[in-house]
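Accompanying notes for the structure given below.
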Amino acid sequence: MEPIQAAVEEMEAHAKTITQVLHHLQVNNELVSQENKGLREAVQTKKKQKQKGVPLDLQQRQEYHGGAVMWSPRKGREAGVRRKVMEQQAEQEKLDKAKRKQEKEDAKIQKQLELEQRRDERERLKKEREKEKEKKAAEKQRQKAEKEATKSGQAAQQLKRKAPQSVPPKNKRQKQSGGSALKVAVPEATSSPLPRITSRGRNVTLPSKFR
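Pasting the structure below:
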């Protein structure tokens, strides 16, 4: 009976070892499966950086002093979940960083648009001021020309009033009441010299050579 009992015990020990190895292979298989899933997600999101492998956090007990350790499937699943959470946190941080970068770019574009709008508004106001200035200058020139034309007209009227009027001739025929014209007789000058009179009233006749 003793050899049989020993054989049974040896078989039980061997079966236990096989069970532990199977558990270990199962955990490794799950880890590989999760790693493959992470790689597929990285490819789908078109990440250029290579995803670094994250070691499983199996949370060893403090009394562990080294050597080979067989972990149960539950510990492997817990470690896989923790790694999954860590990966999700890292991905979320990347998304947050990309979002902040995009918001910064949007703010830069918005600022550039506001600068361009203010510049366009300044140009529009400048053109309006120049147009108003030209309009005022044209109105001022028109008023000046009108004023000069008014002065020229007044000066011409004054010169016309100051011009001498023509004197009508004295020897004109005058009409009588009966309609016949009268001639005004004008005495003709005589060729004989007029006698000179002295202070006493006497006539003095000059000699012919003094005439």
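The sequence shown begins at 1 in the UniProt record's numbering and counts up one residue at a time. Cβ atoms here follow ideal geometry from the backbone N, Cα and C, with glycine treated the same way.
- Inclusion of Gln-34 and Lys-84 in the CB contact set at 9 angstroms is warranted, their separation being smaller than that value.
- In this structure, Glu-12 sits away from Gly-80, with a CB-CB distance that is not shorter than 9 angstroms.
- Put simply, the backbone Cα of Thr-17 is about 23 angstroms away from that of Glu-78.
- Around the beta carbon of Gly-76, a 10 Å sphere encloses 16 or more other beta carbons of the protein chains shown; the residue is thus reported as buried.
- Non-local beta-carbon contacts of Thr-150 in its own chain, meaning distances under 6 angstroms to residues more than five positions away in sequence, are absent.
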